[in-house]
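A.B. asks:
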Amino acid sequence: MSAPNWIAAEYDGARLRFWSMQGAGICARQEGACTSMAALTDALKDWPDLPVLLADLTGEFPAPGAAAPVSAALRLVQGSGGARPLWLAQGVTQATPAGALHGQTAAIAGLLKAEPQFDGVICLPGRRSHWVRISASEICHFHGYMTGELLVWLGSPHSSDAASDPDAFFAAFEDALSRPHRAYGRLLALRGAKGAEASQLAGLLIGIEMADAKPYWLGERVAVTGHAPLADLYAAALERQGVSIQRPDPDAALLAGLHAAWKSLPVNAAKGILH
């Protein structure tokens, strides 16, 4: 493979993942802890001096965009990356309910690049989960939740614990989905839970979220794109409710969205990097 000519990156507030890319092809991949712009810059210091396209899932590096409804095609905002050119995936805002998508727009754009006729809902589990309604290649509206962060704060530091006992997960999920007000009252007793109790905690939190997000999945076509184990739990919970789901590869969606945006940059925008 030829030498890389750009770098794709994703930041979720705790970890940074990045890939050196040659066009749409991956040359190398790396992942590590990252909690700030300084840490991001430091993590890239040994990588080639190439433009970086960053999907920041947190909004820590501001890249505000237009209000929904808006085209799902990814737009870029030039950021401050020191000597290295930095481009941020532009977000989407919403007035009612108030909210913002940040770098999640990259994966959405990539999913629609692979399936331009997609009409339905994209579920993006993570530290912050989002349900995004797509129609006619537009982001129509969305809703976000902090379920992933609550799992980190309340539960075991090992995310795999949440999926350790499927029976405990589904029992708690179904209880929370039908009686979310009662499920909320069970959270304190499960703080710091491990093993089966960690699965119960995950079931309660995802059930509470899905009870509120029901208009986004009931009778809908849903694409769940995210990483295990959290995305697996969302997908299993939806299938349990009879929802027809798709499981697009999250890395493929992210990289396809960023690559399409990279190709749209002016030739001189990346300091002479041609594409």
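Numbering of the sequence shown is given in our numbering, commencing with residue 1387 and proceeding in unit increments.
A virtual CB, placed ideally from N, CA and C, is assigned to each residue, including glycine.
Bear in mind that the values here come from a model prediction, so they are computed numbers and not experimental data.
Could you tell me the alpha carbon to alpha carbon distance between A1647 and A1449, rounded to whole angstroms?
C.D. replies: Their Cα atoms are separated by approximately 14 Å.
A.B. asks: L1443 by DSSP, collapsed to three states: which one?
C.D. replies: Looking at L1443 - three-state DSSP - the assignment turns out to be coil, as it is neither helix nor strand.
A.B. asks: Spatial neighbours of P1502 within its chain, please: C-beta separation below 8 Å, excluding the five flanking residues on both sides.
C.D. replies: Taken in chain order, the residues that qualify are S1523.
A.B. asks: Got a sec? Which residues, its chain only, sit under 8 Å from F1528 by beta carbon, not counting five neighbours each side?
C.D. replies: Counting only Cβ-Cβ distances below 8 Å, and skipping sequence neighbours, we find A1454, V1478, Q1480, G1485, L1487, H1516, W1517, V1518 and R1519.
A.B. asks: Would DSSP call H1661 helix, strand or coil?
C.D. replies: Because the pLDDT at H1661 is just 46, under 50, the model does not fix this residue reliably, and the value given afterwards should be weighed accordingly. H1661: coil per DSSP, three-state reduction.
A.B. asks: With respect to the beta strand (DSSP E) encompassing S1515, which residues constitute its N-terminal and C-terminal limits?
C.D. replies: Run containing S1515: S1515 to S1521, per the beta strand (DSSP E) assignment.
A.B. asks: Use the C-beta contact count for Q1490: other C-beta atoms within 10 angstroms, 16 or more gives buried, fewer gives exposed.
C.D. replies: Classification of Q1490: buried, given that the 10 Å Cβ count is 16 or more.
A.B. asks: Apart from the five residues just before and just after G1445, which ones in its own chain have a Cβ nearer than 8 Å to its Cβ?
C.D. replies: Counting only Cβ-Cβ distances below 8 Å, and skipping sequence neighbours, we find G1477, A1486 and H1488.
A.B. asks: Residue ranges of each alpha helix (DSSP H) run of no fewer than 4 residues wholly in the stretch 1412 to 1494, ordered along the chain?
C.D. replies: Taking only runs of at least 4 residues, the alpha helix (DSSP H) segments lying wholly in the stretch 1412 to 1494 are 1423 to 1429.
A.B. asks: Straight-line CA distance for H1613 to R1403?
C.D. replies: Those two C-alpha atoms are separated by around 13 Å.
A.B. asks: Given a cut-off of 8 Å, decide if F1555 and L1668 are closer than it, judged by their beta-carbon atoms.
C.D. replies: Since the first residue of the chain shown is 1387 and the last is 1661, residue 1668 is not available in this structure.
A.B. asks: Got a sec, what are the start and stop residues for the beta strand (DSSP E) Q1351 sits in?
C.D. replies: Missing from the structure shown is residue 1351; the chain here goes from 1387 to 1661 and no further.
A.B. asks: Are there 16 or more other CB atoms within 10 angstroms of the CB of L1587, so buried, or fewer, so exposed?
C.D. replies: So L1587 counts as buried.
A.B. asks: What are the start and end residues of the alpha helix (DSSP H) that includes L1644?
C.D. replies: Where L1644 is concerned, the enclosing alpha helix (DSSP H) stretches over P1636 to S1650.
A.B. asks: How long is the line joining the alpha carbons of R1461 and P1636, rounded to whole angstroms?
C.D. replies: Approximately 19 Å between the Cα atoms of the pair.
A.B. asks: Starting from R1607, follow the beta strand (DSSP E) in both directions and report where the run begins and ends.
C.D. replies: Where R1607 is concerned, the enclosing beta strand (DSSP E) stretches over R1607 to V1610.
A.B. asks: With 16 other CB atoms within 10 Å as the buried threshold, where does H1661 fall?
C.D. replies: Any reading at H1661 must be qualified, since the residue scores a pLDDT of 46, below 50, and its modelled position is unreliable; the value itself is stated next. Result: exposed.
A.B. asks: With DSSP as the reference, identify every bridge partner of G1530, one or two as the case may be.
C.D. replies: Paired residues: H1516.
A.B. asks: Per the DSSP calculation, G1506 is bridged to which residue(s)?
C.D. replies: In DSSP, G1506 forms a bridge with I1520.
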